[in-house]
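These notes concern the structure reproduced below.
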Amino acid sequence: MAGCSGATPSAQNLCAKAKDLTAAVAQVQAVKPDGAALRQLSAKVDAALAKLDRLQAVTEGRYDTAISDLRAKLVTFKESVDSASNASLETVAPQINSALTDLRGAVASLNEKIATQCPAG
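Residue numbers (the working numbering): 606 to 726.
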């Protein structure tokens, strides 16, 4: 998603939304899931879901499967984070780490598909 020069306005919008989503997911992945950061992490997941909605609005249905997969992974990750506030972090850490791994794979898959519309340079 380095740049969208030379792309159509529609593709540029897609590229911009994809870049916003990637940045939001990166913020989710960067937060250490400790007790103090759990609410912050949950809010970052909500922000990523909102950016995913904005991306889906401009994809014209082309990436619905990958977007649905990413949405499911974000929701699962959020559920893991939310359950951590009701249990000890040590108990839910494996679930959080597993959900984070799944989330990384889903965002990479979506970015790979969208990259064909967002030429570098």
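Glycine residues also receive a C-beta, built at the ideal position from the N, C-alpha and C atoms.
Leaving aside the five residues before and after residue i along the sequence, list all residues of the same chain whose C-beta is less than 6 Å from its C-beta, in chain order.
i: Q700; result: S685
i: Y668; result: K718
i: R659; result: K622
i: V633; result: K649, V650, A653
i: T696; result: none
i: A671; result: S714, L715, K718
i: A704; result: T681, F682, S685
Using only CA atoms, which one of the options lies nearest to residue i?
i: Q654; options: S703, A642, A631, C620; result: Checking the displayed sequence, the identity of residue 654 turns out to be Leu instead of Gln. Of the candidates S703, A642, A631, C620, the one whose C-alpha sits nearest the C-alpha of L654 is A631.
i: F682; options: T696, S673, S693, D707; result: D707
i: A662; options: R709, C620, C723, G710; result: C620
i: T721; options: T664, R644, Q645; result: T664
i: L646; options: A711, K624, L626, D687; result: D687
i: D625; options: A635, K656, P638, S615; result: K656
i: A698; options: K678, C723, K637; result: K637
i: K678; options: A689, N702, A711; result: A711
i: A689; options: R676, C723, R644; result: R644
How is residue i classed by DSSP in three states: helix, strand or coil?
i: S673; result: helix
i: M606; result: Residue placement at M606 cannot be trusted, given a pLDDT of 43 that sits under 50; what the coordinates show is reported in the next sentence. In the structure shown, M606 sits in coil (DSSP, three-state: anything other than H, G, I, E or B).
i: P699; result: helix
i: V630; result: helix
i: C620; result: helix
i: V636; result: coil
i: S693; result: coil
Which residue comes first and which comes last in the alpha helix (DSSP H) that contains residue i?
i: E665; result: Note, E665: premise wrong, no alpha helix (DSSP H); not H, not E.
Residues in the same chain with beta-carbon distance under 8 Å from residue i, minus the five sequence neighbours each way, listed in chain order, please.
i: D674; result: A711, S714, L715
i: R709; result: Q634
i: R676; result: L654, L657
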